[in-house]
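Line by line, the protein sequences give chains H and V. In terms of my numbering, the first sequence has 729 at position 129, counting the first letter as 1, and numbering is strictly consecutive. In terms of my numbering, the second sequence has 668 at position 77, counting the first letter as 1, and numbering is strictly consecutive. First the structure, in the form of structure tokens, and then the observations on it.
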Amino acid sequence: MESIWQGFLEALRLLAIGDPEVVQVVLLSLQVSGTATAISVVIGVPLGLWLALHDFRGKPVLLSFVNFGMGLPPVVVGLFVSLLLWRYGPLGMFGLMYTPVAIVVAQAVIASPIIAGLSFAAIGSLEPKLRLQFLSLGATGLQTNWLLIKEARLGLMAAVMAGFGGVVSEVGASMMVGGNIRGETRVLTTATVMEVGRGNYELALALSFVLLMVAYSVVAVLTYSQNSRRQDAA
Amino acid sequence: MKAAVIDMAGVKVYREEKLVLDVPALQIASGELISVIGPNGAGKSTLLQTINLLLPYREGRLRLFGENGQENLLALRRRCAMVFQEPLFLNGTVFANVALPLRLRNLPGAVITERIMTVLDMFHCSHLVNRQALRLSGGEAKRVCLARAVVCEPELLLLDEPFAALDPATRKNLLVELRQAAEARAMTVVFVSHNLNDVLQFTERVIVMEKGTIVQEGHPGKVIRRPASRAIAELAGMDNILPCKLEKTVDGNQILLGQGRSTINYPFEMPDGAQHCCLPGDIFEIDDPDQLKDADQVRWTGMVRQVIPGIGVFQVVVEAEGLILNLRLAREQAAHLVIGQVLHFSFNPAESHLI
Ligand SMILES: Nc1ncnc2c1ncn2[C@@H]1O[C@H](COP(=O)(O)OP(=O)(O)OP(=O)(O)O)[C@@H](O)[C@H]1O
Ligand SMILES: [Mg+2]
Numbered sequence: 601m602e603s604i605w606q607g608f609l610e611a612l613r614l615l616a617i618g619d620p621e622v623v624q625v626v627l628l629s630l631q632v633s634g635t636a637t638a639i640s641v642v643i644g645v646p647l648g649l650w651l652a653l654h655d656f657r658g659k660p661v662l663l664s665f666v667n668f669g670m671g672l673p674p675v676v677v678g679l680f681v682s683l684l685l686w687r688y689g690p691l692g693m694f695g696l697m698y699t700p701v702a703i704v705v706a707q708a709v710i711a712s713p714i715i716a717g718l719s720f721a722a723i724g725s726l727e728p729k730l731r732l733q734f735l736s737l738g739a740t741g742l743q744t745n746w747l748l749i750k751e752a753r754l755g756l757m758a759a760v761m762a763g764f765g766g767v768v769s770e771v772g773a774s775m776m777v778g779g780n781i782r783g784e785t786r787v788l789t790t791a792t793v794m795e796v797g798r799g800n801y802e803l804a805l806a807l808s809f810v811l812l813m814v815a816y817s818v819v820a821v822l823t824y825s826q827n828s829r830r831q832d833a834a
Numbered sequence: 592m593k594a595a596v597i598d599m600a601g602v603k604v605y606r607e608e609k610l611v612l613d614v615p616a617l618q619i620a621s622g623e624l625i626s627v628i629g630p631n632g633a634g635k636s637t638l639l640q641t642i643n644l645l646l647p648y649r650e651g652r653l654r655l656f657g658e659n660g661q662e663n664l665l666a667l668r669r670r671c672a673m674v675f676q677e678p679l680f681l682n683g684t685v686f687a688n689v690a691l692p693l694r695l696r697n698l699p700g701a702v703i704t705e706r707i708m709t710v711l712d713m714f715h716c717s718h719l720v721n722r723q724a725l726r727l728s729g730g731e732a733k734r735v736c737l738a739r740a741v742v743c744e745p746e747l748l749l750l751d752e753p754f755a756a757l758d759p760a761t762r763k764n765l766l767v768e769l770r771q772a773a774e775a776r777a778m779t780v781v782f783v784s785h786n787l788n789d790v791l792q793f794t795e796r797v798i799v800m801e802k803g804t805i806v807q808e809g810h811p812g813k814v815i816r817r818p819a820s821r822a823i824a825e826l827a828g829m830d831n832i833l834p835c836k837l838e839k840t841v842d843g844n845q846i847l848l849g850q851g852r853s854t855i856n857y858p859f860e861m862p863d864g865a866q867h868c869c870l871p872g873d874i875f876e877i878d879d880p881d882q883l884k885d886a887d888q889v890r891w892t893g894m895v896r897q898v899i900p901g902i903g904v905f906q907v908v909v910e911a912e913g914l915i916l917n918l919r920l921a922r923e924q925a926a927h928l929v930i931g932q933v934l935h936f937s938f939n940p941a942e943s944h945l946i
């Protein structure tokens, strides 16, 4: 109990004095997971929208894959992305292994199905005739999709938060494709694991608290914007 | 005949591999007001959605305003407006919802505001302008939907039971106003309703649908007296729908009612396979038993069971010939009737209708 409290205080201290190494790790975590989430939104939301609005023969199969993808083990994703990116792999010529880009790729693979699956659920829970109503009012196909996205925004926001929460907290893939290189690919989770390995429990705890605070702040900002928009509407 | 706004031929619509709409031919002229009636699941909403180019159809041809309904969907849709059976709004104020079709057409803000105010006024919902659309009552929501449909001044207005949730006074006012607006702007209106009163007030032509297809078409007055099927007779509020058997004898055709206890001589063509005899309640006349009557008349005697008052017309339930009959009689004839009283009455068999 004592050490948890000390870890918390240490976390506050590290943030308060702006410890350069911690700050750098925090910023990289935000950057990498933020970028991965953004990429996943670009892939996942249209995919979810498309799945929700179309009926075709293989749909149940595709949906089962998306749902399965929502629970992909990060370590397995890390392994596959490593195989693609390592020097002799099919994408080896880009030299991306052990760079932040590699982590972004792995995390996007993890978050895309999460965001696609939850977007599908969010759009799918709208009244199906709403789409026809918008078309009937004279909306183009694109305008209709945009209106539907706006109507499902609460569910879509939840999808984005779940995607971000999933990648900012995963360690297996970041470790495997990033390598936890100090000043280059060290993110909050890999740093925590490393400090635990070295026996620096206090620092590990401090980093965990920083991670929690970072994750909470991002989610809080999203939640707040959600609510304020709902009040705008009211 | 004026140019056809809607011209359908052989259109078939499938939903989940099931044929739900099959229209061999339908033409609606410019400026015409036309009603569609039919039992639940008949395909009325499907017909409107197909005309609004919202549902794909596999076969046939659909022309709107003389143009091919497979091309330029957006441009054609923007000349139409539809009120769906259920109110569908986006999360926002009434203003935002009514503004949507105008915004989608990129109209300037000042025009939008002015038009919205005019149209909300017309449908008696100016006071709702800043309310949340999703929190309106059923009747308020319907009125806002009507306003949203009319606000972009469509050439073709498709209404799917627009008055279903309205109180009788509002209903009557809106019906009159909508009709005036349609006539003033030469709007073509297709009006789906379950309420025959509305249909009679609103339109000169009615289409009757059943099981995805058009089974009858004509003046509403005719559909009321000569429905094409039992379902339509019920829908149209036919007073007496009596199970019957038909017999063709050397003396002429006969209709057997009440398990054969009663016979009507029917000197007309009999449709094959008819199982019901419809007798509109207003064909009956009360007789003086001593007075001689035209021999062609069917004369029955029965006992009064119930007298239901009404304005102008009373409904009198009579048990006669083993049948329970609903008669519509003028007030001066019915007001003095008492329950249990014996009643002599007659009707012209030509007024009966076999289905
Ligand atoms: N989205 C849908 N998917 C599959 N089948 C549908 C769908 N919508 C309607 N149907 C079916 O199509 C048929 C016609 O439905 P439609 O809604 O056109 O009937 P309706 O005449 O408008 O009935 P109501 O008076 O109840 O409104 C029904 O059998 C219905 O079950
Ligand atoms: Mg319907």
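Cβ atoms here follow ideal geometry from the backbone N, Cα and C, with glycine treated the same way. Model, not experiment: these values are computed from the prediction.
Item: Residues that Q640(V) contacts on chain H, provided the C-beta gap is smaller than 7 Å; Value: L732
Item: Buried versus exposed call for R696(V) [16 or more other C-beta atoms within 10 Å across all chains shown]; Value: exposed
Item: Interface partners of T792(H) on chain V, CB under 7 Å; Value: Within chain V, no residue comes near T792(H); the closest Cβ sits about 41 Å away, beyond 7 Å.
Item: Interface residues of chain H facing L645(V) [CB-CB closer than 8 Å]; Value: L732, L735, S736
Item: S820(V) beta carbon near ligand 1 (any heavy atom closer than 7 Å); Value: no
Item: Other residues of its chain near G724(H): CB distance less than 6 Å, five sequence neighbours each side excluded; Value: A652
Item: Run of the alpha helix (DSSP H) containing P646(H), from where it starts to where it stops; Value: 620-653
Item: C-beta neighbour in chain V for A834(H), strict 8 Å; Value: Note that A834(H) scores 44 on pLDDT, short of 50, meaning its location in the model is unreliable; the coordinates nonetheless yield the value given after this. At least one chain V Cβ lies under 8 Å of A834(H).
Item: CB contact check: L612(V) to chain H, cutoff 8 Å; Value: no
Item: is_contact[N682(V), chain H] using C-beta, thresh 8 Å; Value: yes
Item: Segment contact flag, the region 931-945 of chain V with the region 856-873 of chain V, C-beta cutoff 8 Å, min 3 pairs; Value: yes
Item: Cβ contact check for the region 728-743 of chain H and the region 705-719 of chain H: 3 or more pairs under 8 Å; Value: no
Item: Beta-carbon neighbours of R796(V), restricted to chain H and to distances below 7 Å; Value: Those do not exist, as R796(V) stays about 24 Å from chain H at its closest Cβ, beyond 7 Å.
Item: Closest residue to L920(V) among V781(V), L624(V), S937(V) (Cα-Cα distance); Value: S937(V)
Item: C-alpha gap between L748(H) and S769(H), whole angstroms; Value: 31 Å
Item: Cβ-based burial, I823(V) [other Cβ within 10 Å; buried from 16]; Value: buried
Item: Closer than 8 Å to chain V by CB, T740(H); Value: yes
Item: DSSP beta-bridge partners of M800(V); Value: I805(V)
Item: Closer than 7 Å: E607(V) CB and nearest ligand 1 heavy atom; Value: yes
Item: Under the three-state DSSP convention, the category Q850(V) falls into; Value: coil
Item: Any heavy atom of ligand 2 within less than 7 Å of residue CB: hits in chain order; Value: K635(V), S636(V), Q676(V), D751(V), E752(V), V783(V)
Item: C-beta atoms of T709(V) and E746(V) nearer than 8 Å; Value: no
Item: Interface positions of the region 732-766 of chain V facing chain H (Cβ-Cβ less than 8 Å), listed along the chain; Value: R739, C743
Item: beta-carbon P611(V) near ligand 1 non-hydrogen atom, thresh 7 Å; Value: Residue 611(V) is actually Val in this sequence, not Pro. V611(V): yes, Cβ under 7 Å from ligand 1.
Item: Three-way DSSP call (helix, strand, coil) for E752(V) in this model; Value: coil
Item: Cβ contact (3+ pairs, closer than 8 Å) linking the region 704-724 of chain V and the region 733-741 of chain V; Value: yes
Item: C-alpha gap between R922(V) and G903(V), whole angstroms; Value: 6 Å
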